[in-house]
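> Take a look at this one; I'll ask things after.
There are 2 protein chains.
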Amino acid sequence: MAIDHLDGRLIVLLAREPRIGVLEASRRLGVARGTVQARMDRLQSQGVVRGFGPDVDPAALGYPVTAFATLEIKQGQGADVRAHLTTVPEVLELHTTTGHGDMLCRLVARSNADLQRVIDRVVGFEGIVRASTAIVMENPVPLRIIPLVEQAAQDSRDS
Amino acid sequence: MAIDHLDGRLIVLLAREPRIGVLEASRRLGVARGTVQARMDRLQSQGVVRGFGPDVDPAALGYPVTAFATLEIKQGQGADVRAHLTTVPEVLELHTTTGHGDMLCRLVARSNADLQRVIDRVVGFEGIVRASTAIVMENPVPLRIIPLVEQAAQDSRDS
DNA sequence: CCTTGACTGGGCAGATTGCCCAGTCGACAT
DNA sequence: ATGTCGACTGGGCAATCTGCCCAGTCAAGG
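If you're matching them up, the sequences are chains A and B in order.
Just add 745 to the spot in the first sequence (first one is 1) and you have the working numbering.
Just add 745 to the spot in the second sequence (first one is 1) and you have the working numbering.
In structure tokens:
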């Protein structure tokens, strides 16, 4: 299960040059086209690769400010809060967590001033007891997956 | 600047069905193929769409546990800590933030037990004073961008 | 020794891509 | 009002790629 070395190389290749087709990929990897097709099909049907959605930069859309908000929820209001946050476009991501807060969400805004509006909209909902926000200043490691893919590919090679 | 309504529709379409080509997209959107090509080129050169990297699911790779760690850094150690965390494959993302902690990072692990190993590796570095970790239980809103794209497209339409 | 699954190497028709062109249309400046 | 410029349309062309199929090899497991 998981992925083998060839899968790893394929994913890394796709990550680096997403626009290449199956044929070109097979050349780069030194395998037959059918093999690449089969691997891709398997990776997708197994859910390892969910898709190839466009990677949109919120900053380029006019939302250069990112923040993380930790929310504390009133008992039993979880579902309502989730539904509420789902309706806010600036909420890019929402997790329920263990620890001090109950939920953690990623927000974006047009400016620091605009962030206030977003936060007001987020917390302006009965059921949210308290919120603490951390504004992102720098993003030294943007969301990445390749190192993990390589790790996973290594592991299966060793075994 | 930003994006107009057609850009928005194009991005949403690509997000829903990433495998369609330029020709198919132009049919769906009811515009000429050249227009779609031009829009895609512009979106990419403007950096709105960074690329079409494969969307890999860490869980399917054998890393079903996600956590967020807030790190407190010793003065002046920022650069070293960043470099350190970059070498840890399980660190998917790292931000420097305002607020109580100094950094926030997203981690994945093979299990709750494995998370301990990852955290040890992350914080086992001189320069990190304190770390508090929140394990993700549920992910009601997976990373999404479409609502924001639609919002941005609306805004430009109104103006 | 046989079966199974994965991979190779090749073929084929149909669809798509990259590229180019002329003409239309609306916004904007002179 | 006139001219210019950028964006979009509709079409064409050669080269390439895709989806699909097939036979043969090879290693692993029974």
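We put the CB at the ideal spot given by N, CA and C, even for glycine.
Check whether chain A comes within 8 angstroms of N857(B), counting only Cβ atoms and requiring the distance to be less than that.
False, the Cβ-Cβ gap to chain A never drops below 8 angstroms.
> So the candidates are D859(B), E817(B), K819(B); which of them puts its Cα closest to the Cα of P809(B)?
If we check each option's Cα against that of P809(B), D859(B) comes out closest.
> When you check each C-beta in the stretch 889 to 903 of chain B against every C-beta of chain A, which residues fall closer than 8 angstroms?
Correct list: R889, I890, P892, L893, V894, E895, Q896, A897, D900.
> Could you work out which residues of chain B lie near I756(A), taking near to mean beta carbons separated by less than 9 angstroms?
Correct list: P799, V801.
> Distance cutoff 8 angstroms, beta carbons only. Does T842(A) sit that close to anything in chain B?
So yes, T842(A) belongs to the interface.
> Along the beta strand (DSSP E) that carries S856(B), what are the first and last residues, could you check?
Here S856(B) belongs to no beta strand (DSSP E), and DSSP marks it neither H nor E.
> Report the neighbours of G792(B) on chain A: residues whose CB is nearer than 9 angstroms to its CB, in chain order.
Result: D802, A804, A805.
> Tell whether a beta-carbon distance below 8 angstroms holds between L806(A) and V781(B).
Not in contact: L806(A) and V781(B) (Cβ atoms no closer than 8 angstroms).
> Which residue comes first and which comes last in the beta strand (DSSP E) that contains R875(B)?
Element bounds for R875(B): 873 to 886.
> Less than 8 angstroms between C-beta atoms, sequence neighbours within five positions excluded: which residues of the same chain meet that for V757(B)?
I891, V894, E895.
> Output the distance between the C-alpha atoms of D903(B) and A804(B), rounded to the nearest integer angstrom.
Bear in mind that a pLDDT of 49 at D903(B), under 50, signals an unreliable position, so the number given afterwards is only what the model happens to contain. Their backbone Cα atoms lie some 41 angstroms apart in a straight line.
> According to the Cβ coordinates, are V886(A) and L839(B) closer than 8 angstroms?
Taking 8 angstroms as the Cβ cut-off, V886(A) and L839(B) qualify as a contacting pair.
> Using a C-beta cutoff of 8 angstroms, does A905(B) count as contacting chain A?
No answer is possible for residue 905(B): it lies beyond the span of chain B, which begins at 746 and ends at 904.
> Pull up the distance between the alpha-carbon of I818(A) and that of G775(B), whole angstroms please.
Answer to the nearest angstrom: the Cα atoms are 46 angstroms apart.
> Shorter than 8 angstroms from the beta carbon of L768(A) to some beta carbon of chain B?
Not one chain B Cβ lies under 8 angstroms of L768(A).
> Between G798(A) and D800(B), is the Cβ-Cβ spacing less than 8 angstroms?
Yes, they are a contact pair.
> P763(A) touches chain B at which residues, Cβ-Cβ below 8 angstroms?
Those within 8 angstroms of P763(A) in chain B are G796, F797, G798, P799.
> Would you check if the stretch 828 to 847 of chain B and the stretch 824 to 844 of chain A touch, i.e. whether three or more CB-CB distances between them fall below 8 angstroms?
No contact exists between the stretch 824 to 844 of chain A and the stretch 828 to 847 of chain B.
> For a quick check, are the C-beta atoms of V868(A) and A876(A) less than 8 angstroms apart?
Going by C-beta atoms, V868(A) is nearer than 8 angstroms to A876(A).
> Does any residue of chain B have a CB that is nearer than 8 angstroms to the CB of I748(A)?
Yes, because at least one Cβ of chain B sits closer than 8 angstroms to the Cβ of I748(A).
> Any C-beta of chain B within less than 7 angstroms: which residues of the stretch 805 to 820 of chain A qualify?
Against chain B - using a Cβ distance shorter than 7 angstroms - the residues of the stretch 805 to 820 of chain A are A805, L806, G807, Y808, F813.
> Is DSSP giving V764(A) helix, strand or coil here?
One detail in the question is off: residue 764(A) reads as Arg in this sequence, not Val. DSSP places R764(A) in coil when its eight states are reduced to three.
> Looking only at its own chain, which residues have a Cβ that is under 7 angstroms from the Cβ of R866(B), when we skip the five neighbours before and after it?
The residues are V833.
> Expressed to the nearest angstrom, what Euclidean distance is found between the alpha-carbon atoms of L788(A) and L751(A)?
Taking the straight line from one Cα to the other gives about 11 angstroms.
> Specify, as a first and last residue, the run of the alpha helix (DSSP H) that T842(A) falls within.
Where T842(A) is concerned, there is no enclosing alpha helix (DSSP H), although the beta strand (DSSP E) it sits in stretches over 836 to 842.
> Quick one: what does DSSP say D749(A) is sitting in, helix, strand or coil?
The answer is coil: DSSP assigns D749(A) none of H, G, I, E or B.
> Give a yes or no on whether 8 angstroms exceeds the smallest Cβ distance from S877(B) to chain A.
For S877(B), the answer is yes, since a Cβ of chain A falls inside 8 angstroms of its Cβ.
> Can you find a C-beta in chain B that's less than 8 angstroms from the C-beta of L751(A)?
No, because no Cβ of chain B sits closer than 8 angstroms to the Cβ of L751(A).
> P763(A) and G823(B) - do their beta-carbons sit closer together than 8 angstroms?
No.
> Spatial neighbours of A777(A) within its chain, please: C-beta separation below 8 angstroms, excluding the five flanking residues on both sides.
So the qualifying residues of the chain are S771.
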